[in-house]
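See below for the structure under consideration.
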Amino acid sequence: MKAPYRARLNREASPLRRASIPIATVLAGSMTPLLPLVASAPVLPPFGLMVLISWQILRPGLWPVWVGVPFGVFDDIVGGQPVGSAVLLWSIILIAINLIDQRYIWRNYWQDWFIAAVSIIVALAGGLAINNFLVSDIHLSVLYPQMILAIFTFPLVLRLVARLDHVRLKR
Amino acid sequence: MAPPRNRRPGFSRKAQLQIFTGYLLAFTGAFAGLLLLALSYFDPAAFSAVRSMTAEVTAPPARLLTGIRVSTQSGWREVSAYFEAGSKNAKLQREVERNRVRMIEARALRQENRELRRLLGLIKQEGRPVATARLINSSASSSRRYATIDVGSRQGVQRSQPVRAQRGLVGRVLETGPNTSRVLLLSDTENVVPVRRARDGVVAFSQGRGDGRVDIKLIDIGVNPFKVGDVMVTSGNGGIYPPNVPVAIIERLTSDGAIGKLLANPAGTDFVIVQEMYEPELVAPEPSELPPVSSMPAAPLPAAPSQPVPAIGAPQP
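In order, the protein sequence lines correspond to chains A and B. Under UniProt numbering, the residue at position 42 of the first sequence is numbered 42, and the numbers go up by one with no gaps. Under UniProt numbering, the residue at position 298 of the second sequence is numbered 298, and the numbers go up by one with no gaps.
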């Protein structure tokens, strides 16, 4: 057998790459508010959560259910929400997605998108509700552009995560 | 989609327990989130150290990216300016003629204003600039409106100093790190600024709406005096914000005031200036029965700026 083929046969993907790529992508998604974008209204989709949901949909069981807690802490510190809001919301969303995963095994693409859309709406509206409870009242209508943008960018994020999954499992 | 591999982990008690523990930890985590929120509620500055540390670490690349963005924008502006050079030149020249007359008027008014202030014994303390900075990023995905600037306590920035751009007020400093600070933008709902109408001084206050606009709320409830296009400036009441900084232009009327568009759009400003906190100071009017303390009626205060001299019958800041 020729040498170039031998290098690729009977190999496992690098364990470091397998573990680190999903974590790194979620953290990178959470860090998008650090981009030099000064917005006067909430417009940027919650990319950290979207990447997390994508991994959860593509690879159920990649992480334990409690993984929303550490990712949520990071997102809160970077993103400007009061610390604890993403911890709470992401945990609830992940528990819900895991329960759905057990109950509805055979799902199609549109159902996955629907689950993600509902999760995004819950996360954004929940974040707003927490802010309103802590400070004062903002109308939900402020969030509509962000919600629509997030729901329609989700398929792109899912595609990107699927591509990264190939990179992750490359031998 | 194929069913997940670990949906039911056989009869292994250990694997089953692991899944159960995962759910238990997730629920505990959600509860811990609630506790953290309670902590943020009772002590809003609880996590400011961690936040400013993150900002410090991420500031250098953000600053670099901001530099690239700004230079690209200004380069494009310069290129596009060539296309309308002729007509723009003629228009600008007409404007210069008009403005020259207005400037002479304004100079006279300023002189008169100074005289009147001296008569009143009111010393106007201009907010001296502390530092010039760039807005490097903002909480673009949250419903709160914060921005980060690339100067901090090492450059002399302190809490609750006003931040303004050339066109108008931007916000105030909320937390400072060594080289970065967090700014509460005007459009945040927590940011309330006392304002007045530039034309005649109708007093109101502005409160952010979270979407880049502000609610202008009247203090006197009565007939709504606002008209679309009125410019609101800070009144300087209550300190922090110096007077006469442009804030917003009225866009739409509501039942109890108006909705204003911010004049200094944070997205469109290159540089912002951090100013010293404004502390209105009043000179006590000289009592007539006592011999005059000094001959200058409007001498600057000898006392420390943090302790305003209490004036008799004068409104307290």
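Here a beta-carbon is modelled for each residue, glycine too, at the ideal position from N, C-alpha and C.
Open item on the list: Tell me the rounded alpha-carbon separation between serine 40 (chain A) and valine 272 (chain B).
Closed with: Working through the first sequence from its first residue, we reach residue 40 (chain A) at position 40. Working through the second sequence from its first residue, we reach residue 272 (chain B) at position 272. Spanning the two alpha carbons is a distance of roughly 15 Å.
- [ ] Indicate whether at least one CB of chain A lies closer than 8 Å to the CB of arginine 114 (chain B).
- [x] Walking along the second sequence from the start, residue 114 (chain B) turns up at place 114. Contacts with chain A at 8 Å (Cβ-Cβ) do not include arginine 114 (chain B).
- [ ] Look at alanine 26 (chain B) and glycine 68 (chain A) and say whether their C-beta atoms are less than 8 Å apart.
- [x] By 1-based counting over the second sequence, the position of residue 26 (chain B) is 26. By 1-based counting over the first sequence, the position of residue 68 (chain A) is 68. Less than 8 Å separates the beta-carbon of alanine 26 (chain B) from that of glycine 68 (chain A).
Task: Whole-angstrom distance between proline 243 (chain B) and proline 291 (chain B), CA atom to CA atom - done: By 1-based counting over the second sequence, the position of residue 291 (chain B) is 291. By 1-based counting over the second sequence, the position of residue 243 (chain B) is 243. Low per-residue confidence applies at proline 291 (chain B): pLDDT is 49, beneath 50, and the placement is therefore not dependable enough to give any value.
Task: DSSP state of glycine 152 (chain B) mapped onto helix, strand, coil - done: Counting from one through the second sequence, the residue named residue 152 (chain B) turns up at place 152. Judged by DSSP in its simplified three-state form, glycine 152 (chain B) adopts coil rather than helix or strand.
Open item on the list: Within 10 Å of its beta-carbon, does leucine 17 (chain B) have 16 or more other beta-carbons around it, so buried, or fewer, so exposed?
Closed with: Position 17 of the second sequence, counted from the start, is the residue given in the question as residue 17 (chain B). Flag for leucine 17 (chain B) reads exposed.
TODO: Taking valine 223 (chain B) as the reference, give the member of B:Ala258, B:Ile240, B:Glu251 with the closest Cα.
DONE: The count along the second sequence starts at 1 and reaches residue 223 (chain B) at position 223. For the residues B:Ala258, B:Ile240, B:Glu251, the minimum Cα distance to valine 223 (chain B) belongs to B:Ala258.
Open item on the list: So, for glutamine 161 (chain B): in the same chain, excluding its five sequence neighbours on each side, which residues have a beta-carbon less than 7 Å away from its beta-carbon?
Closed with: In the second sequence, the residue the question calls residue 161 (chain B) occupies position 161. The residues Val130, Arg172, Val173, Val274, Gln275, Glu276, Met277, in chain order, have a CB closer than 7 Å to that of glutamine 161 (chain B) in the same chain once the five nearest residues on each side in sequence are set aside.
Task: Under 9 Å (Cβ pairs) to chain C, residues found in the region 257 to 272 of chain B - done: Of the chains in the structure shown, none is chain C; the protein chains are A and B.
Task: Sequence-distant residues of its chain with Cβ nearer than 8 Å to glutamine 93 (chain B) (five each side left out) - done: As a working note, residue 93 (chain B) is residue 93 in the second sequence. Correct list: empty, nothing qualifies.
Task: Collapsed DSSP secondary structure at threonine 28 (chain B) in the structure displayed - done: Here the question's residue 28 (chain B) lines up with position 28 in the second sequence. Looking at threonine 28 (chain B) - three-state DSSP - the assignment turns out to be helix.
Task: CB contact check: proline 15 (chain A) to chain B, cutoff 8 Å - done: Within the first sequence, numbered from 1, the residue matching residue 15 (chain A) stands at position 15. Interface residue (Cβ-Cβ distance to chain B less than 8 Å): proline 15 (chain A) is not classified as such.
Task: Simplified DSSP state of proline 317 (chain B), which is helix, strand or coil - done: In the second sequence, counting from the first residue as 1, residue 317 (chain B) sits at position 317. For proline 317 (chain B), the predicted model reports a pLDDT of 40, less than 50, meaning its position is unreliable; a value from the coordinates is still stated below. Judged by DSSP in its simplified three-state form, proline 317 (chain B) adopts coil rather than helix or strand.
- [ ] Note down, in chain order, each residue of its chain lying with its Cβ closer than 6 Å to the Cβ of methionine 50 (chain A), except the 5 sequence neighbours on either side.
- [x] Counting from 1 along the first sequence, the entry for residue 50 (chain A) is found at position 50. Closer than 6 Å at Cβ, skipping near neighbours: Phe154, Val157.
Task: Chain-order list of residues whose beta-carbon lies under 6 Å from that of leucine 169 (chain A) (same chain, five-residue window excluded) - done: In the first sequence, counting from the first residue as 1, residue 169 (chain A) sits at position 169. Take leucine 169 (chain A), set aside five residues on each side of it, and the residues of its chain with a beta-carbon closer than 6 Å to its own are Ala13, in chain order.
Task: Length at least 4, wholly inside the region 43 to 130 of chain A: the alpha helix (DSSP H) runs in chain order - done: Within the region 43 to 130 of chain A, the complete alpha helix (DSSP H) runs of at least 4 residues are 47 to 58, 68 to 79, 85 to 103.
TODO: Would you verify that the beta carbon of isoleucine 136 (chain B) is, or is not, closer than 8 Å to some beta carbon of chain A?
DONE: For the purposes of this step, residue 136 (chain B) is taken as residue 136 along the second sequence, with counting starting at 1. It does; some Cβ of chain A falls within 8 Å.
Task: residue 321 (chain B): first and last residue of the uninterrupted beta strand (DSSP E) it sits in - done: In this structure chain B extends from 1 to 317, so residue 321 (chain B) is not present and cannot be described.
Open item on the list: Taking 8 Å as the cut-off, does the region 228 to 241 of chain B touch the region 134 to 148 of chain B (at least 3 CB pairs, one atom from each stretch)?
Closed with: Segment contact: the region 134 to 148 of chain B against the region 228 to 241 of chain B, fewer than three CB-CB distances shorter than 8 Å; contact not assigned.
TODO: With distances taken Cα to Cα, identify the nearest neighbour of glutamine 158 (chain B) among B:Leu169, B:Ala165, B:Gly177, B:Arg145.
DONE: Counting from 1 along the second sequence, the entry for residue 158 (chain B) is found at position 158. Looking at the Cα atoms, B:Gly177 is the closest of the given residues.
TODO: Determine, using beta carbons only, whether tyrosine 146 (chain B) and leucine 134 (chain A) come nearer to each other than 8 Å.
DONE: As a first step, residue 146 (chain B) must be located in the second sequence, where it is residue number 146. As a first step, residue 134 (chain A) must be located in the first sequence, where it is residue number 134. No; because the gap between Cβ atoms is not below 8 Å, this pair is not in contact.
Task: Cut-off 8 Å between Cβ atoms - residues of its own chain near alanine 150 (chain A), not counting five sequence neighbours on either side - done: Your numbering for residue 150 (chain A) matches position 150 in the first sequence. Closer than 8 Å at the Cβ level, and outside the excluded window around alanine 150 (chain A), lie Pro45, Pro46, Met50, Ile120, Leu124.
- [ ] Please check if any C-beta of chain B sits within less than 8 Å of the C-beta of proline 42 (chain A).
- [x] For this step, residue 42 (chain A) is matched to residue 42 along the first sequence. Yes - at least one Cβ of chain B is within 8 Å of the one on proline 42 (chain A).
Open item on the list: On the criterion of 16 or more Cβ atoms from any shown chain inside 10 Å, does valine 50 (chain B) qualify as buried, or is it exposed?
Closed with: Against the second sequence, residue 50 (chain B) aligns to sequence position 50. By the neighbour-count rule (16 or more Cβ atoms within 10 Å), valine 50 (chain B) is not buried but exposed.
- [ ] Tell me, please, which residues DSSP counts as bridged to lysine 217 (chain B).
- [x] Residue numbering aside, residue 217 (chain B) sits at position 217 when the second sequence is read from its first letter. Note: lysine 217 (chain B) sits in a beta bridge opposite B:Phe205, B:Gly257.
Task: Segment contact flag, the region 27 to 47 of chain B with the region 99 to 111 of chain A, C-beta cutoff 8 Å, min 3 pairs - done: The answer is no - the region 99 to 111 of chain A does not touch the region 27 to 47 of chain B, with fewer than three Cβ pairs under 8 Å.
Task: CA-to-CA distance, glycine 236 (chain B) to valine 192 (chain B), given in whole angstroms - done: Within the second sequence, residue 192 (chain B) is the residue found at index 192, counting from 1. Within the second sequence, residue 236 (chain B) is the residue found at index 236, counting from 1. If you take the alpha carbons of valine 192 (chain B) and glycine 236 (chain B), they lie about 12 Å apart.
Task: CA-to-CA distance, arginine 114 (chain B) to alanine 106 (chain B), given in whole angstroms - done: Reading the second sequence from its first residue, position 106 is the one you call residue 106 (chain B). Reading the second sequence from its first residue, position 114 is the one you call residue 114 (chain B). Separation of alanine 106 (chain B) and arginine 114 (chain B) (C-alpha to C-alpha, rounded to the nearest whole angstrom) is 12 Å.
- [ ] Work out the CA separation of leucine 160 (chain A) and isoleucine 21 (chain A) for me, nearest whole Å.
- [x] What you label residue 21 (chain A) is simply residue 21 of the first sequence in a count that begins at 1. What you label residue 160 (chain A) is simply residue 160 of the first sequence in a count that begins at 1. If I take the Cα positions, the gap works out to 12 Å.
Task: For phenylalanine 74 (chain A), the nearest candidate out of A:Pro15, A:Trp110, A:Leu52 (CA to CA) - done: Within the first sequence, numbered from 1, the residue matching residue 74 (chain A) stands at position 74. With distances taken between CA atoms, phenylalanine 74 (chain A) lies nearest to A:Leu52 out of A:Pro15, A:Trp110, A:Leu52.
Open item on the list: Whole angstroms are fine: how far does the CA of isoleucine 93 (chain A) sit from the CA of threonine 25 (chain A)?
Closed with: Looking up residue 25 (chain A) in the first sequence gives position 25. Looking up residue 93 (chain A) in the first sequence gives position 93. If I take the Cα positions, the gap works out to 19 Å.
Open item on the list: Looking only at its chain, what residues have a beta carbon closer than 7 Å to the beta carbon of alanine 162 (chain A), apart from the 5 residues adjacent to it on each side?
Closed with: One-based indexing of the first sequence puts residue 162 (chain A) at position 162. Closer than 7 Å at the Cβ level, and outside the excluded window around alanine 162 (chain A), lie Leu58.
Open item on the list: Between the alpha carbons of arginine 144 (chain B) and lysine 227 (chain B), how many angstroms are there, rounded?
Closed with: If you number the second sequence from 1, residue 144 (chain B) lands on position 144. If you number the second sequence from 1, residue 227 (chain B) lands on position 227. So the alpha carbons of these two residues sit roughly 29 Å apart.
Task: Nearest-angstrom Cα separation, counted from glycine 210 (chain B) out to lysine 88 (chain B) - done: To locate residue 88 (chain B), count along the second sequence from 1; it is residue 88. To locate residue 210 (chain B), count along the second sequence from 1; it is residue 210. In a straight line, the C-alpha of lysine 88 (chain B) is about 36 Å away from that of glycine 210 (chain B).
Task: Where leucine 135 (chain B) sits in the DSSP three-state scheme - done: For the purposes of this step, residue 135 (chain B) is taken as residue 135 along the second sequence, with counting starting at 1. DSSP places leucine 135 (chain B) in strand when its eight states are reduced to three.
- [ ] Measuring only between beta-carbons, confirm whether tryptophan 66 (chain A) sits less than 8 Å from chain B.
- [x] In the first sequence, the residue the question calls residue 66 (chain A) occupies position 66. For tryptophan 66 (chain A), the answer is yes, since a Cβ of chain B falls inside 8 Å of its Cβ.
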